[in-house]
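J.: Here it is: the structure, laid out below.
Have a look at this one:
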C-alpha cells in the first residue's frame with residue numbers, strides 16, 4: 076500500500092511554544108489530507124480536513140487559530156499547534172486519500188506530543 | 045449523523061481460534077467501509093476495504109463482510125496468532141464525503 080510519513084514521531088515542548096507536525100504522502104498525490112487526534116484507549120477524533128491550495132475545514136469544537144493547517148502541495152500538509160498547553164498533549168495522526176486506484180485512505184505513523 | 049459502534053470493546057482468545065469482530069453503523073448510505081489495525085503507539089494499517097456494492101473482501105486469513113441494509117460489517121480472523129494482537133477499527137465513508145467516521149475499536153489479545 077501507499078506510504079504516508081509523519082515528522083516528528085514524538086516531540087516534547089514547553090508550555091506556550093508552537094509545534095509543527097508534517098504529514099507527507101510519499102508515493103501518491105493527495106489533494107485531501109486529514110488530521111486526527113487520539114487520546115489513550117480511545118478512537119480517532121477528526122480535527123480537520125486539509126485541501127491542497129485552499130483553507131482547511133475544521134470540525135466543530137476544534138479551534139482553527141489553535142491548530143493551524145497548511146496544505147502547500149499535493150504531498151505535504153502541516154499541522155501547527157500554537158501556544159501549546161498541557162491539555163494539547165495527545166497522539167496526532169494524519170491520513171491522505173482516498174488514493175485514486177484503491178479508494179483507500181492511508182495513515183501516517185502518528186506524532187506523540189507532550190507539552191510540559 | 046453517522047455513528048459507528050464496535051462490539052466487543054475487548055476480546056481475548058487462545059491462539060489458533062477463529063474469531064469475529066463486529067461493526068455497526070447507523071446510516072446505511074455508505075460509500076465504503078474500511079477495516080484498520082492499530083498497534084500500541086502506532087498509526088493505522090489498512091486491512092480491507094469493502095465498497096458499498098460488495099458483500100465481502102478477503103485477504104489471507106482475514107475476511108470482511110458487509111450488510112449495508114442492516115448496517116453491519118464483520119471482520120473474521122481465521123487461525124488467530126499472537127501477532128494478531130492489536131486494536132481493530134472500522135471506519136465508514138458516506139456518499140458525498142471523503143471523511144471517515146471511526147468506530148470505537150476492539151482491542152484483541154491472542155493468548156499463546
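Protein chains in written order, with our numbering: chain A, 76 to 191; chain B, 45 to 156. Don't be surprised by glycine CBs; every beta carbon is placed ideally from N, CA and C. Small disclaimer: the values here were computed from a predicted structure and weren't measured.
Return the chain-ordered list of same chain residues with a C-beta closer than 7 Å to the C-beta of residue 83 of chain B, the five sequence neighbours on each side being excluded.
T.: These residues qualify, in order along the chain: 130.
J.: Just to confirm before moving on: does the CB-CB distance between residue 174 of chain A and residue 146 of chain A stay below 7 Å?
T.: Taking 7 Å as the Cβ cut-off, residue 174 of chain A and residue 146 of chain A do not qualify as a contacting pair.
J.: Check residue 58 of chain B in the structure and name its three-state DSSP category.
T.: Of the three classes helix, strand and coil, the one that applies to residue 58 of chain B here is strand, per DSSP.
J.: With three or more beta-carbon pairs closer than 8 Å as the criterion, would you say the stretch 152-164 of chain A touches the stretch 92-112 of chain A?
T.: Yes: the two stretches touch, three or more of their Cβ pairs being nearer than 8 Å.
J.: What do you reckon, are the CB atoms on residue 65 of chain B and residue 150 of chain B nearer than 7 Å?
T.: Yes, the pair counts as a contact, with Cβ atoms nearer than the cut-off.
J.: Buried or exposed: which applies to residue 123 of chain A, given that a residue is buried once 16 or more other Cβ atoms fall within 10 Å of its Cβ?
T.: Burial call: buried.
J.: Relative to the C-alpha of residue 141 of chain A, which candidate in A:150, A:148, A:131 has its C-alpha closest?
T.: Closest by alpha carbon: A:131.
J.: I want to verify the contact list: residues of chain A whose CB lies under 7 Å from the CB of residue 76 of chain B, in sequence order.
T.: Within 7 Å Cβ-Cβ: 178.
J.: Counting only beta-carbon separations shorter than 7 Å, does residue 146 of chain B have a partner in chain A?
T.: Yes, contact with chain A.
J.: Pick from B:81, B:74, B:153: whose alpha carbon is nearest that of residue 47 of chain B?
T.: Of the listed residues, the one whose Cα sits closest to residue 47 of chain B is B:74.
J.: Report the neighbours of residue 173 of chain A on chain B: residues whose CB is nearer than 7 Å to its CB, in chain order.
T.: What residue 173 of chain A touches in chain B: 142.
J.: For residue 88 of chain A and residue 144 of chain A, I'd like the C-alpha separation in whole angstroms.
T.: Using only the alpha carbons, I get a separation of about 19 Å.
J.: Hey, which unbroken runs of the beta strand (DSSP E) at 3 residues or more fall wholly within the stretch 46-134 of chain B?
T.: 48-51, 54-58, 63-69, 74-82, 88-95, 100-103, 106-111, 116-121, all fully within the stretch 46-134 of chain B.
J.: Taking 8 Å as the cut-off, does the stretch 103-120 of chain B touch the stretch 175-185 of chain A (at least 3 CB pairs, one atom from each stretch)?
T.: No contact exists between the stretch 175-185 of chain A and the stretch 103-120 of chain B.
J.: How many whole angstroms separate the CB atoms of residue 167 of chain A and residue 79 of chain A, which I take to be in contact at a CB cut-off of 8 Å?
T.: Going by Cβ atoms, the distance from residue 167 of chain A to residue 79 of chain A rounds to 13 Å, so no, they are not a contact pair.
J.: Less than 7 Å between the C-beta atoms of residue 133 of chain A and residue 121 of chain A, yes or no?
T.: Not closer than 7 Å, so no.
J.: Between which residues of its own chain and residue 60 of chain B is the CB-CB distance below 7 Å, once the five residues before and five after are set aside?
T.: 123, 124.
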